[in-house]
Amino acid sequence: MSMGTGGGSALNSEINVTPMVDIMLVMLIIFMVVTPLLQSGVNVIIPKGVNPDEEGDITNERAVVVSIPIAGSYYVGRDPISKDDLVEQIKTRMKLRRPEEPQAVYIRGGVGVPYGDVVDVINSIRDAGYQQVGLVADRLRPNEQ
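Following our numbering, the numbering of the sequence shown begins with 61 at its first residue and continues without gaps.
Set out below in structure tokens:
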């Protein structure tokens, strides 16, 4: 065994990957914990379709999303709201949208919600002066019916 002393020792050119692996594992755990919290809005069992178009704007934090999880229950974003205050809340949230963003209101109606409730919300939105209304559906996976 020889031991180098002084200025004649060779440089160690090996990379120690242990700290990098530790950091990556910590980041993985953080992402696994945070990801479920990123879902915005109210939990609604929405209908599924074969080919719904994906609209990227609906995940925007300023998107105006009206959720109807069950008959007679209305939410704008995550906030519960009465049907009478629905139009005023939509107008308030639409003012927060930037001009270059789509001026659309998205409706997430639950599977068991009567068709009339969804139509009433669409009529209220159009009476408020907003003509772009999007109905949200989930993509049907190949093994589902």
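Note that CB positions come from ideal geometry on N, CA and C, so glycine has one too.
Between the stretch 130 to 143 and the stretch 84 to 98, the count of C-beta pairs closer than 8 Å stays below three; the two stretches do not touch. Taking all protein chains shown into account, S127 has 16 or more neighbouring C-beta atoms within 10 Å of its C-beta and is therefore buried.
Contact annotation: I167 and V181 have beta-carbon atoms nearer than 8 Å.
Looking at the backbone, the Cα of G170 and that of A164 are separated by about 19 Å. Linking I150 to G194 through their CA atoms gives a straight-line distance of about 14 Å. By the neighbour-count criterion, in which a residue is buried when 16 or more other Cβ atoms sit within 10 angstroms of its Cβ, A70 is exposed.
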